[in-house]
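Numbering (this note's numbering), first residue to last: 42 to 496.
Note that the Cβ used here is the ideal one computed from N, Cα and C, for glycine as well.
A quick note: this is a predicted structure, and the numbers were derived from the prediction, not measured.
Have a look at the structure below before the remarks.
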Ligand code: UGA
């Protein structure tokens, strides 16, 4: 099929290359000419395992190309809208400017189809009601149908999640009267559906809510365990043991139950805020009030790391601190709303000499925070540190040898902000070891039993 993908950011670029991988004839469009040049040259604008391979395969096979010109999209049968919907500058809501602008530009070229069936499929994460609004606008054009098909891909697993998803969600205006558009999208995803992937058809608003609910649930799960981590800090309990024990209950599950410095990235933080804003606009704000607390717990974890640094060093002004990790999670070079970088920037503002290292994300980190000291080599970054903060759990940091690392630093002090190091191994190697939600010293020494109320 002839397919266009409008907006080739993270989601769109992976989607475009994946659709070419499924055998379609794909054109990706973006207003960012630099990005189009990179993609056209087979260069990935971000770090994503497996992406460069499918990008180059599509380009080499002649099934994939990129443009900045809407006129080149005119003969596509299916158009995917994968524009970013960031947090608005003036509040919590989602900024839909790019999405609406793209729909407007697309509407100008759609008449070239002269009434032949044409499908416009939204993939962006949007507040409920957006799809219906766009459909009302675009379906006035003869032959045009709109669907909403949210994306659930995770950075770091984006190619796998696109080509081998847990489920496909089709949002339509009328689930009982959408055979034509469902058949078209089935044809697009034929290579996926033949592997018995579940395909769920539902109304527009339901599909929109599936996506934001999924992200809100994931964020809630993380903040839940991080709230328990706060309790652990007050009692001397160990959140990693609680997490392990809870996760063994199938009903709870162990995924997204890792306590630490919390969630960041381009999706979870802004999506829960947009969800709160949208619920308030709809007069249902009370239903999602708890998400404010989810957000607040998440922010508090970042502040807690800064407090720990102060507890360990005293005033941080002039002290040398090395932050291990800049990306919002491992195996990504994305630094949007990165907990690690926020901690680094707070400590820098307090006068500390902060050095940030990361295997992939330093260029993006330096762009975001001008003047931040970045050192690519881990050994170099650690040399002379008076405090080390592990804030993104890249494998090479998880596997650091406490004995060898102690030789590099000026003073062996570390905060494990992701709960991935062995407190015993590090303490045995002479480190002052602190972690979020874990006892400051072996539990037997610190656990303070609350007095029993014998009534
Ligand atoms: C998230 C969702 O997981 C995807 O399903 C969704 O499609 C995507 O947003 C999106 O809306 O586009 P992603 O932003 O790639 O994907 O990141 P996650 O893997 O969800 O991680 C988010 C953050 O949570 C990271 O900062 C990670 O370090 C943190 N996290 C994750 C924890 O702190 N604890 C955990 O147990 C798991």
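Can we count residue i as close to the ligand UGA, meaning its CB is less than 8 Å from some heavy atom?
{"i": "residue 312", "result": "yes"}
{"i": "residue 143", "result": "no"}
{"i": "residue 114", "result": "no"}
{"i": "residue 400", "result": "no"}
{"i": "residue 52", "result": "yes"}
{"i": "residue 201", "result": "no"}
{"i": "residue 428", "result": "no"}
{"i": "residue 273", "result": "no"}
{"i": "residue 261", "result": "no"}
{"i": "residue 67", "result": "no"}
{"i": "residue 477", "result": "no"}
{"i": "residue 364", "result": "no"}
{"i": "residue 255", "result": "yes"}
{"i": "residue 59", "result": "no"}
{"i": "residue 409", "result": "no"}
{"i": "residue 471", "result": "no"}
{"i": "residue 124", "result": "no"}
{"i": "residue 380", "result": "yes"}
{"i": "residue 196", "result": "yes"}
{"i": "residue 283", "result": "no"}
{"i": "residue 302", "result": "yes"}
{"i": "residue 419", "result": "no"}
{"i": "residue 307", "result": "yes"}
{"i": "residue 298", "result": "yes"}
{"i": "residue 319", "result": "no"}
{"i": "residue 47", "result": "no"}
{"i": "residue 166", "result": "yes"}
{"i": "residue 223", "result": "no"}
{"i": "residue 43", "result": "no"}
{"i": "residue 228", "result": "no"}
{"i": "residue 193", "result": "yes"}
{"i": "residue 369", "result": "yes"}
{"i": "residue 269", "result": "no"}
Along the chain, where does the alpha helix (DSSP H) containing residue i start, and where does it finish?
{"i": "residue 49", "result": "It is not in any alpha helix (DSSP H) - residue 49 carries neither H nor E in the DSSP assignment."}
{"i": "residue 268", "result": "245-276"}
{"i": "residue 227", "result": "220-229"}
{"i": "residue 109", "result": "No alpha helix (DSSP H) holds residue 109; DSSP gives it neither H nor E."}
{"i": "residue 80", "result": "74-81"}
{"i": "residue 92", "result": "92-101"}
{"i": "residue 204", "result": "199-204"}
{"i": "residue 403", "result": "403-409"}
Check whether the Cβ atoms of residue i and residue j sit closer than 9 Å, and answer yes or no.
{"i": "residue 109", "j": "residue 137", "result": "no"}
{"i": "residue 67", "j": "residue 58", "result": "yes"}
{"i": "residue 405", "j": "residue 378", "result": "no"}
{"i": "residue 52", "j": "residue 165", "result": "yes"}
{"i": "residue 218", "j": "residue 183", "result": "no"}
{"i": "residue 547", "j": "residue 415", "result": "Residue 547 lies beyond the stretch modelled for the chain, which goes from 42 to 496, so this question has no answer here."}
{"i": "residue 307", "j": "residue 168", "result": "no"}
{"i": "residue 62", "j": "residue 225", "result": "no"}
{"i": "residue 204", "j": "residue 232", "result": "yes"}
{"i": "residue 432", "j": "residue 366", "result": "yes"}
{"i": "residue 262", "j": "residue 234", "result": "no"}
{"i": "residue 480", "j": "residue 279", "result": "yes"}
{"i": "residue 475", "j": "residue 353", "result": "yes"}
{"i": "residue 387", "j": "residue 358", "result": "no"}
{"i": "residue 396", "j": "residue 422", "result": "yes"}
{"i": "residue 185", "j": "residue 160", "result": "yes"}
{"i": "residue 87", "j": "residue 319", "result": "no"}
{"i": "residue 163", "j": "residue 122", "result": "yes"}
{"i": "residue 212", "j": "residue 246", "result": "yes"}
{"i": "residue 44", "j": "residue 141", "result": "no"}
{"i": "residue 187", "j": "residue 222", "result": "yes"}
{"i": "residue 459", "j": "residue 434", "result": "yes"}
{"i": "residue 256", "j": "residue 303", "result": "no"}
{"i": "residue 439", "j": "residue 393", "result": "no"}
{"i": "residue 47", "j": "residue 143", "result": "yes"}
Since residue i is in the beta strand (DSSP E), which residue starts that stretch and which ends it?
{"i": "residue 476", "result": "473-476"}
{"i": "residue 182", "result": "Neither: residue 182 is in no beta strand (DSSP E) and is coded neither H nor E."}
{"i": "residue 302", "result": "No beta strand (DSSP E) holds residue 302; DSSP gives it neither H nor E."}
{"i": "residue 431", "result": "428-431"}
{"i": "residue 210", "result": "208-213"}
{"i": "residue 424", "result": "That residue, residue 424, is in no beta strand (DSSP E); it is neither H nor E in DSSP."}
{"i": "residue 66", "result": "66-70"}
{"i": "residue 396", "result": "394-398"}
{"i": "residue 287", "result": "Here residue 287 belongs to no beta strand (DSSP E); instead the alpha helix (DSSP H) covers 280-288."}
{"i": "residue 121", "result": "119-122"}
Hey, which unbroken runs of the beta strand (DSSP E) at 3 residues or more fall wholly within the region 146-178? Listed in chain order, they are 159-163.
Write down every uninterrupted run of the alpha helix (DSSP H) in the region 304-384 whose length is 4 residues or greater and which is fully enclosed by it, in chain order. As summarised for the region 304-384, the continuous alpha helix (DSSP H) elements at least 4 residues long and confined to that stretch are 309-322, 330-354, given in chain order.
Suppose only complete runs of 3+ residues qualify. What are the beta strand (DSSP E) ranges in the region 434-466, listed by chain order? 454-457
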